[in-house]
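Protein chains in written order, with our numbering: chain A, 1 to 342; chain B, 343 to 952.
Even glycine gets a Cβ: it sits at the ideal position worked out from N, Cα and C.
One structure below.
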Amino acid sequence: MMRRMTIVTAFGMAVSLAGLPVWAQNEFGSKELIAAAEKEGQLTYYTANFAETEQEVIKEFNKRFPKVKVSMVRAPGGQLITRIKTEAAAGKLAADVVDHSDRGLMKELEDLFQDYAPPNAADYRPDALVSPKFWPGVTLGWAIAYNTAIVKNPPKTWMDLTKPEYKGKLIGQVVAPSGGTTWTRSMFERQVLGEDYWKKQAELGIALYPSGAPLSDALVRGEVSIAPLLYNIIYTKIVDGAPAEAIFAPEGVPIIPYADGIPKTAKNPNAAKLFMNWRLSKEGQAFQIAKLGNITSLKDPPAFPKGWDPKVVKVWVPNFEQFEKLRTPWIEEWNKTYGYRQ
Amino acid sequence: MGYGRIANEKAAGATVGIGKGRSVLTATSAADLPISTAAARPPRRLAAPLWVLALLLLLTFLVIYPLLMLVFGALSDSNPVIDGFGKFKPSAKHFLEVLGNENVHLAFLNALAACGGGTILAVVIGLAFSWIVVRTNTPFRGFIAGASLIPLFVPPLVAGVAWGILGSPKTGLLNTALKWMNIDFRFNFYSMSGLIIVFGMYYAPYVYMFTASALKNMDPSLEEASEVAGASAFTTIFTVTFPLIAPAILAGSLLSFVVMLGIYGVPAALGAPANINVLTTYIFQLTAWSPPLYNTAAAVAILLMVVTAILVWAQQRILSGRSFATVAGKAFRPRSLNLGKWRWFTFSLAMTYLMIVVVLPTLALVIAAFRKFMFFKDFDALFDMRQYSWAHFNSVFDNPLTMLSIWNTLKVGVITAVIGGVLAFAIGYTVFRTQVAGRKSIDLLSTVPVAIPGLVVGVAYLWAWIGLPGGLYGTIWILALAFVARFIPDTVKALSTSFLQIHKELEEAAWICGRGLLGTIRTVVLPLARPGVVASMTLLFVLAIRELGSSLFLYTSDTTVMAVLLLDYYEGGNTGKTAAFSLVQTAILAVLLSFTTWLSRETTQSARFN
């Protein structure tokens, strides 16, 4: 609780010190844009992220821009893409902003989106961008989480997760074909930790989960003791006092920059731009790091998650070309290695 | 009806428990007499064909058109909306892939094992219950009858989550308790046997509904004859009673099998941790992976539909041409067996079932909803009161979507119940009370949706209706229409028993007195069938509130419903909030059910006085 208070207070102070009107204009867009956005007064936000997390983002956005109401549609990644495609084909795409974790799938839909760049475009890592239309409003990173009430000798590196002492379904993993985030993790494991990493880990006997959130819940309940998890999934639980901890391993932190964009058909383009600008701004990113456990794709991060030492922790971003090309064959191998039936 | 006409005649009052008491029987002492063959002649000649045509068109729009979209999807690589029909390149690729895929084979076998085992258990439980309630003098039978239907109203996902909390091999509350008691045995509900047990327990009411009414309507003289001939009560049960209600048992078990086959929540919560896939969880995964494989999902769905269709057909084959008439024209009272001291044994049996199916899982949900984290070091930690708070409820109600989804759900529920109720009445009347040409097709079309799994229905409706002119998409109405279409079979079936129980001569009397068709319906049929109508509308309302699969693709930010939000909480990995929201949903259902029970009593009263 104390920890949460400190982070929130520190963050609140940062916001109130920085929140001057002129500064705000530069950071989030021109006076005209803000006025036009407020005139539109609303926008529809499609997201593949967790509804509760995004609800917090919307709440925070509304603290600065209370006149723009955001309605959210949340669906799992694959289903959201189908919906966007179908709605767009019927000329009924309702989204003003789309927030999606799978850059590959979004890239295929590039034509549906309009040109857009935030005021701080130059501050973003080039390797996090796959199209000039898409921006990483959300960036997530993989951590190693464990249940502090069960694990006496917690892992410290990714390689520790192949140790025989963690044999027998103590480790949980989200299956590789689950989505872009898990594919990024699997790719990192094989490219950075070694060709035989999967095999060594699979031999321990791994409890497989369809997606990250149920796995984080299983970790807290003690169903599994250790699990690689996206930091944001476990972070809020740790803050709430769950018997869990998460570390960033020295071999690298695979990160997943989202691909967020504004459809050409957006009915509230100005509100959409303002919302994107705010989320991509230092303020928006700092909020997501401090409050939600996100990482950022900004070259110069405005904040670091707890336990993140910028001198030690290296960020790992997948090569996008390989991300696309290797996906099908490698996932097939992953399924075979871990005995997962797809 | 697809479940067999004879079965339905026997199942006089499959809906008895759903809040209408026994009153149907009061209005229908002539139930189960052979249906009069005298044709219902509508006053005007052209009216009948036009009416049939209108119904057929409506059903085509609601059922056949989306189904065609599904077949279209399964038989090609394209999305019919995105690529248009023009680019339709038929290919059997997905079908062949699906048929040759060993994971599909495994999911298929798992589904057969889980649903088959579950059905057998459901028959044992359902039959035992109906016998206890109808044929014995077990104390508090009325209460047992009502309470035994509760599992019907529990959303499958909620049941699955609750049993995961109770029966997980590592952290389940049951196992924590066993450990505390120093007993070595451990439950493992993350397994095939866990799936079978939960399926069997929760879908027993389907068997119960059918068999209880059949037992009620059976003339006891046959059993008496058996006993006069020297058979023991036990022998009589197995050689006379149960064989006589075989059609009802078959109909009930078939229905429960088909329903289990289409359930996602239970195998998702209990099968997934053990890597056990059934057809529904496989379909869900196909649509959830990125990129999603809808065409393959559609092909798997069609496989599921074929299985269901074969079962329905087989059941009708078995039933056709055999007479199960056990009811003659004279009045009788179902006899009840005096069990003596043993009635307390049957009573405790019933209580044990209710304890396991209602009390335990509810307790698990309450603990999960009020406890901050579901981690228990040992059994004593369960009683550490510092760990309990209203936090999960607070955060559920902090979420603006919660109230919106409750309000939307109620709206959709009411719209669905009203439209669906009227449509089912129209279909039921046409099929069961008239001899017009084309009624068989109406019957068939209105049975088809029972075979389509909900998740795929959602995609089919999205594909089918998004392109329609007008502002249907994105409104509450598209959800309501999807629910109406999806649950037509259930509603018509629930209503059909009421129709079958009203003797033709009552209508004929009205015609002789000079009433027209509509007048007859208004003054005779509707009042007599009213309890059935209320019951089937209640059923529709409950089903609409629970429905997840078809909502998932049709809701928008303004039309979020409770089932979608519940999945959000579940997928968000927060057992506490999932449990808290489940309890909220349960409470709302309980309030609504008591209201409709009261309403149906009222209407029954007025129906009697009319």
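Per DSSP, reduced to three states, the secondary structure at B/Arg-685 is helical.
Linking B/Arg-775 to B/Leu-392 through their CA atoms gives a straight-line distance of about 17 angstroms. Annotation for A/Gly-261: the continuous beta strand (DSSP E) segment containing it runs 259-261.
Against chain A, the beta carbon of B/Thr-513 has neighbours under 7 angstroms at Arg-221, Gly-222 and Glu-223, listed in chain order. The beta carbons of B/Val-834 and B/Ala-489 sit about 27 angstroms from each other, so the pair does not count as a contact at 8 angstroms. At a cut-off of 8 angstroms between beta-carbon atoms, B/Ala-886 makes no contact with chain A.
In this structure, the straight-line span from the alpha carbon of B/Leu-681 to that of B/Asn-479 is close to 7 angstroms. The shortest CA-to-CA distance from A/Ile-295 to any of A/Leu-274, A/Pro-263 and A/Ile-256 is the one to A/Ile-256.
Note on A/Gly-252: 16 or more other CB atoms within 10 angstroms of its CB, so buried under the neighbour-count rule. Residues of chain A whose Cβ lies closer than 7 angstroms to the Cβ of B/Asn-916 are, in chain order, Asp-217. Against A/Ile-233, the close residues of chain B are Gly-915, in the order they occur along the chain (beta-carbon pairs closer than 7 angstroms).
Residue-level contact by beta carbon fails for A/Pro-310 and chain B, as no gap is shorter than 8 angstroms. DSSP, read as helix, strand or coil, puts B/Met-904 in helix. Excluding its 5 nearest sequence neighbours in each direction, A/Lys-169 has C-beta neighbours in its own chain below 8 angstroms: Gly-205, Ile-206, Ala-207 and Val-224, listed in chain order. Here the C-alpha atom of B/Val-926 lies approximately 10 angstroms from the C-alpha atom of B/Thr-744. Taking 8 angstroms as the threshold, the shortest C-beta distance from A/Ser-186 to chain B does not fall below it.
By the Cβ test, the region 500-514 of chain B is in contact with the region 695-711 of chain B, since at least three Cβ pairs between them sit closer than 8 angstroms. Scanning its chain for C-beta atoms nearer than 6 angstroms, with the 5 sequence neighbours on each side dropped, one finds around B/Pro-481 the residues Phe-689, in chain order.
Per DSSP, B/Pro-615 has no beta bridge partner at all. Lys-714, Phe-715, Met-716, Phe-717, Phe-718 and Lys-719: these are the residues of the region 696-720 of chain B whose beta carbon lies less than 9 angstroms from some beta carbon of chain A, given in chain order. Of the candidates B/Ala-616, B/Ser-555 and B/Ala-573, B/Ser-555 places its Cα closest to the Cα of B/Ile-591. When DSSP reads this structure, A/Ser-186 sits in no beta bridge, so it has no partner.
A/Ser-131 has a beta carbon lying at 8 angstroms or more from every beta carbon in chain B.
Taking each of B/Ile-652, B/Leu-537 and B/Gly-816 in turn and checking the Cα distance to B/Met-602, the smallest one comes out for B/Leu-537. For A/Glu-110, no chain B residue has a Cβ inside 8 angstroms of its Cβ, as the nearest lies near 15 angstroms away. Annotation: A/Gln-173 is outside any alpha helix (DSSP H); the continuous beta strand (DSSP E) that includes it extends over 172-174. Put simply, the backbone Cα of B/Ala-573 is about 15 angstroms away from that of B/Leu-679. For the pair B/Ala-921 and B/Gly-816, the Cα-to-Cα distance works out to about 29 angstroms. Within the same chain, His-734, Val-738 and Tyr-911 come within 6 angstroms of B/Lys-919 by CB-CB distance, once the 5 residues on both sides are set aside.
Taking a 10 Å sphere around the C-beta of B/Met-727, we find fewer than 16 other C-beta atoms and assign the residue as exposed. Cβ-Cβ distances below 7 angstroms link A/Leu-80 to Tyr-46, Ala-48 and His-100 in the same chain, with the five nearest sequence neighbours on each side left out; the list follows chain order.
Using a CB distance cut-off of 8 angstroms, A/Ala-202 does not count as an interface residue toward chain B.
Secondary structure at A/Ser-178: helix, using DSSP grouped into helix, strand and coil.
Here B/Ala-710 has Ile-507, Met-716, Thr-917, Gly-918 and Ala-921 as same chain residues with Cβ atoms under 7 angstroms from its own Cβ, once five neighbours each way along the sequence are excluded. Distance check between A/Val-68 and each of A/Met-276, A/Leu-280 and A/Tyr-235 places A/Met-276 closest, using alpha-carbon atoms only. Residue range 563-570 is occupied by the alpha helix (DSSP H) that includes B/Val-570.
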